[in-house]
Ligand SMILES: [Zn+2]
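Residue numbers (the numbering used here): 1 to 240.
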């Protein structure tokens, strides 16, 4: 399978020495721990991805916005949340969105033992597959944290690791304006350099079951309005 990265990894890889591992493991573009899907050289394409759900308070609102704009998105779900929100998971799948694995309980997998990592991933894929009847093919590590063992375990479970190239701290940002402004700067810069944009937003919160994600959902809708005429919205399956 061809993997392409956005070429953002140099800074993370340079100067890696003793003591540098924690930093490199958290660096989204780092390629030293094996390749992960970020985004291809396909200007004009844009993937909206949402992490940490499903969230009974906000995922339904997000689904309405996506339906209104006829956009399909990618949802990296926590297995523990999916198990508690079966009907909502079914709705996400039924509306044509792609569902990926974001682990069971959102541990930092860069510092989690191999057996626990395998169980976090396996149990989540199994739960999602039981709910939707569709195979789970993509995995986003919580916090972007990974190490070679995590990527190997993911691949053994048939999962392609996926990172991102456009992110802001939407989970702590009270203003949709600020989220949109930061993300559009990144998306436009990627476009100028010839890259597709892999945008991460959060419809859930790993520390809170029904986290307030109003600003993130509003920002997603504004991004759809802004880019609808000029970009093609895809799920990460189009690249993987
Ligand atoms: Zn997360």
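In this text, a Cβ means the ideal position worked out from N, Cα and C, and glycines have one as well. These numbers were taken from a predicted model, which means no experiment stands behind them.
- Contact between residue 76 and residue 102 holds: their C-beta atoms lie close to 4 Å from each other, under 8 Å.
- Residue 112 carries a coil assignment under DSSP once its states are collapsed to helix, strand and coil.
- Residue 49 carries a strand assignment under DSSP once its states are collapsed to helix, strand and coil.
- In this structure, 66 is the residue among 110, 39, 114, 66 with its C-alpha nearest to the C-alpha of residue 96.
- Of the other Cβ atoms in all chains shown, fewer than 16 fall within 10 Å of the Cβ of residue 185; this residue is therefore exposed.
- Remark: the C-beta of residue 170 is outside contact range of ligand 1, defined as less than 7 Å to any heavy atom.
- DSSP lists 51 as the bridge partner or partners of residue 202.
- Within the same chain, Cβ atoms closer than 8 Å to the Cβ of residue 203 are found at 50, 51, 52, 53, 54, 55, 58, 59, 62, 75, 213, 216, 217, the five residues on either side in sequence being excluded.
- DSSP, read as helix, strand or coil, puts residue 71 in coil.
- Between the alpha carbons of residue 234 and residue 136 lies a gap of roughly 17 Å.
- When DSSP reads this structure, residue 208 sits in a beta bridge with 205.
- The C-beta separation of residue 177 from residue 201 comes to about 14 Å, leaving the pair out of contact by the 8 Å criterion.
- Residue 188 has its Cβ no nearer than 7 Å to any heavy atom of ligand 1.
- For residue 79, no pairing in a beta bridge is given by DSSP.
- With 5 Å as the limit between CB and the heavy atoms of ligand 1, the residues that fall short of it are 51, 52, 142.
- In this model, residue 238 and residue 44 are separated by some 13 Å (Cα to Cα).
- A residue is called buried once 16 or more other Cβ atoms fall within 10 Å of its Cβ, and residue 166 is buried on that count.
- Residue range 98-101 is occupied by the beta strand (DSSP E) that includes residue 98.
- Secondary structure of residue 89 (DSSP, three-state): helix.
- In the DSSP annotation of this structure, residue 236 is not part of any alpha helix (DSSP H), being labelled neither H nor E.
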